[in-house]
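Protein chains: 2
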Amino acid sequence: MSTYLTILGYNSAIPTINSAPTAQFLEMEERSFLIDCGEGTQVQLRKAKARFSKINHIFISHLHGDHCFGLPGLIASFRLLGRETPLHVYGPVGIKEMLETIFRITETHRGFEVIYHELSSKQSEKIYDDKRVEVFTIPLDHRIYCNGYLFREKPKERHLNMAEISKYEEIQTCGYQNIKNGKDIVLSDGYVLKNEKLTNAPSPSVSYAFCSDTRYNESILSLIDGVDVLYHESTFLHELKKMAEYTGHTTALEAAHIAKMANVGKLILGHFSNRYNDLELLRDEARQIFPETELPNALVPLKIESH
Amino acid sequence: MSTYLTILGYNSAIPTINSAPTAQFLEMEERSFLIDCGEGTQVQLRKAKARFSKINHIFISHLHGDHCFGLPGLIASFRLLGRETPLHVYGPVGIKEMLETIFRITETHRGFEVIYHELSSKQSEKIYDDKRVEVFTIPLDHRIYCNGYLFREKPKERHLNMAEISKYEEIQTCGYQNIKNGKDIVLSDGYVLKNEKLTNAPSPSVSYAFCSDTRYNESILSLIDGVDVLYHESTFLHELKKMAEYTGHTTALEAAHIAKMANVGKLILGHFSNRYNDLELLRDEARQIFPETELPNALVPLKIESH
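Those protein sequence lines, which keep their order, are chains A and B. Anchor point for the first sequence: position 88 equals 78 in the working numbering, and the numbering is continuous, going up by one each time. Anchor point for the second sequence: position 78 equals 68 in the working numbering, and the numbering is continuous, going up by one each time.
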């Protein structure tokens, strides 16, 4: 039940032979989330050997083509593969009209329901919540309405200390869940067994923030404070700061400042302009400010660990 | 000025790691035509080293996703690459609404005009005509309105026989075009030089027919009679004839019957169901009826020659 991030594509604007536009596959607490879906994402998912059928929630940051043009094909393939499970799609207002127009004209008859969660708030919202995971929007500053997404594991159950528990015959298996949940046990003679004695600390809960596309934007700092892994766009080197500002993007140096100020565990850069053949230039620029910076390693699952 | 066909993708329904959905790049008499545009076509064009910028005419057979989901991304990339030349898009009614909805919602502001030629006739029409090439629709029988396309080179100029022409000083360079066009020359003394003496036969004009997707359909025979190369879908082996009929497709055996009855030069099969790992089974089935059958060779230009 570890959390793994598989970056499927990370280039900006135009797909090339060797790199795909933005898409990520996040496996957290046995949920499979897809984040953005540029053209070709379904083939990237196959290359990554990700299980299509487990994706029940897709989060789209914004409606520029390099972040969403793979959606119609992916959903059409779900149908051809016999999917019946409802699919939740989160994204800016307009995503429903676009997809439903495409499905109507291409006669993509679905055997499953697509449930749209259209976003328009400029404030962070909790948009997904179950017993183990929650997801929040991270309002970004791009040329078009855009959200990043924050994925958080909720606090986990404490681990049973069986060596200790087995000393008390009257503690039955059916009582274990209460102990995992942190409750003390009152024995039949009235003696109170403190939970700390019966359990060990839970596994840490990890968090992941996806921030693309955006200008340098300090207003996200409180939302992403302390996340274990931050993926932040860095379309340009800082020498093209004016270009970044004009086009609604961030420089590698700026992404590192955000990571440092937010005390994140690790920064992964992405959404690089096609002008850069040597991506290490971007990584090295960021490392001047925030040493725990990495380039994305496409199709290779990254374990997200508590820092 | 030879004619080359580059098949970019030929699988049906779902893109896989090793094969792309339908798209073809046809270079005929210095025109560059794109036929169908499944998801990922722009990357296939890059792999084939085809010159994007020369594509001014796109012909879409039908509005199923595996034949058109690559269009929004390709057109968005044209914009990002600075295109200014108008782009002509031919396809079924609905293609304009679909693309314009996508472009509005994704804020794909184009620096060039997209000129839509929406098709709805069930009869063959000439839809493109210039001094060297003409294109006709081939009405097909699929689950949704669908056309194949017939591309024909017009008769070419005769070749000058310079050894003969140079014997007559009074024939000036400015008169060559008339000779190429087949005219006789009247010398100043009234002597008539027959054109056949001054020229050699023109290079043959070639033709190419694209037929996908369709049920077995003999009504196309007169339209494709004698074409040099026929690409015809063969989604299934003939043992799945009922499945082919139900889903609106053709078997390899049937495609071969069409090729034989239409006296074509060469048959290329395509649009294979993903159930077939060994495509030679389909080729071998067709060769029983029509020996000049080939499997598509993706990304490798095929010279279309007169037969």
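For every residue, glycine included, the Cβ atom is placed at its ideal position computed from N, Cα and C.
Helix, strand or coil for residue i, going by three-state DSSP, please let me know.
| i | result |
| --- | --- |
| C136/B | coil |
| D119/A | strand |
| R41/A | coil |
| L243/B | helix |
| S202/A | coil |
| K173/A | coil |
| Q14/B | strand |
| L259/A | strand |
| L271/B | helix |
| V83/A | coil |
| I105/A | strand |
| T31/B | helix |
| K293/B | strand |
| Y236/A | helix |
| Y166/B | helix |
| N287/B | coil |
| S114/B | coil |
| R69/A | helix |
| P62/B | helix |
| G216/B | coil |
| G180/A | coil |
| L89/A | helix |
| N190/A | strand |
| H228/A | helix |
| H57/A | helix |
Is the beta carbon of residue j closer than 8 Å to that of residue i?
| i | j | result |
| --- | --- | --- |
| I134/B | H78/B | no |
| L(-2)/A | Q14/A | yes |
| L220/A | A249/A | yes |
| F49/A | E74/A | no |
| G260/B | Y80/B | no |
| E108/B | P76/B | no |
| F59/A | G63/B | yes |
| G55/A | A66/B | yes |
| R148/B | N190/B | yes |
| L140/A | S197/A | yes |
| K146/A | S195/A | yes |
| S321/A | G138/A | One cannot answer for residue 321/A here, as it falls past the ends of chain A, which runs -9 to 297. |
| T91/B | E87/A | yes |
| P5/A | V33/B | yes |
| A3/B | N264/B | yes |
| H132/A | T31/A | no |
| K25/A | F200/A | Going by the sequence as given, residue 25/A is Ile instead of Lys. Yes, Cβ-Cβ distance for I25/A and F200/A is below 8 Å. |
| H297/B | D215/B | no |
| G172/A | N185/A | yes |
Looking only at its chain, what residues have a beta carbon closer than 7 Å to the beta carbon of residue i, apart from the 5 residues adjacent to it on each side?
| i | result |
| --- | --- |
| E124/A | K116, Y118, R142 and K144 |
| A276/B | S224, A242, L243, A245, A246, L257, L259 and T283 |
| S114/B | F126, T127, I128, P129 and L213 |
| C136/B | S51, H52, L130, D203 and T204 |
| M18/B | T(-7), V123, F141 and E143 |
Note down, in chain order, each residue of its chain lying with its Cβ closer than 6 Å to the Cβ of residue i, except the 5 sequence neighbours on either side.
| i | result |
| --- | --- |
| I258/B | Y221, E284 and P286 |
| R100/A | R69 |
| P291/B | Y(-6) and T(-4) |
| T98/A | A66 |
| Y206/A | T240 and E244 |
| K170/A | E147 and R148 |
| S9/B | N1 |
Leaving aside the five residues before and after residue i along the sequence, list all residues of the same chain whose C-beta is less than 8 Å from its C-beta, in chain order.
| i | result |
| --- | --- |
| S324/B | Coverage of chain B is limited to positions -9 through 297, which leaves residue 324/B absent and any answer about it impossible. |
| N46/A | R21, S22, T75, P76, L77 and H78 |
| E160/B | L177 and S178 |
| Q162/B | none |
For the ligand GTP, is there any heavy atom lying closer than 7 Å to the beta carbon of residue i?
| i | result |
| --- | --- |
| H297/B | By its list of ligands, the structure shown contains no ligand whatsoever, and the ligand GTP lies outside what it can speak to. |
* **Residues in the region 83 to 98 of chain A having any Cβ partner in chain B nearer than 7 Å** => Flagged, chain order: G84, E87, M88, T91, I92, I95, T96, E97 and T98.
* Name the residues in the region 42 to 55 of chain A whose C-beta lies less than 8 Å from a C-beta of chain B; which are they? -> Within the region 42 to 55 of chain A, the residues whose Cβ lies closer than 8 Å to some Cβ of chain B are L53, H54 and G55, listed in chain order.
* Residues in the region 16 to 39 of chain A having any Cβ partner in chain C nearer than 7 Å -> Among the protein chains in the structure shown, which are A and B, there is no chain C.
* Asked: Mind listing which residues of the region -9 to 9 of chain B have their C-beta closer than 9 Å to chain A's C-betas, in chain order?
  -> Here the close residues are A3, I4, P5, T6 and I7.
* To do: Check distances from the C-beta atoms of the region 129 to 145 of chain B to those of chain A and list, in chain order, the residues that come in under 7 Å.
  => Flagged, chain order: I134.
* **Residues of the region 63 to 78 of chain B whose Cβ lies closer than 7 Å to any Cβ of chain A, in chain order** => Within the region 63 to 78 of chain B, the qualifying residues are G63, A66, S67 and L70.
* Asked: In chain order, what residues of the region 254 to 281 of chain A put their CB closer than 7 Å to some CB of chain B?
  -> For the region 254 to 281 of chain A, the set of residues with a beta-carbon nearer than 7 Å to any beta-carbon of chain B is empty.
* Could you name the residues of the region 223 to 235 of chain B whose beta carbon sits closer than 7 Å to any beta carbon of chain A, in the order they occur along the chain? => Of all residues in the region 223 to 235 of chain B, none comes within less than 7 Å of chain A when Cβ atoms are compared.
* Against chain B: residues of the region 185 to 201 of chain A by CB proximity under 9 Å -> Per Cβ criterion, the list is empty.
* Could you name the residues of the region 116 to 127 of chain B whose beta carbon sits closer than 9 Å to any beta carbon of chain A, in the order they occur along the chain? => Result list empty, no residue passes.
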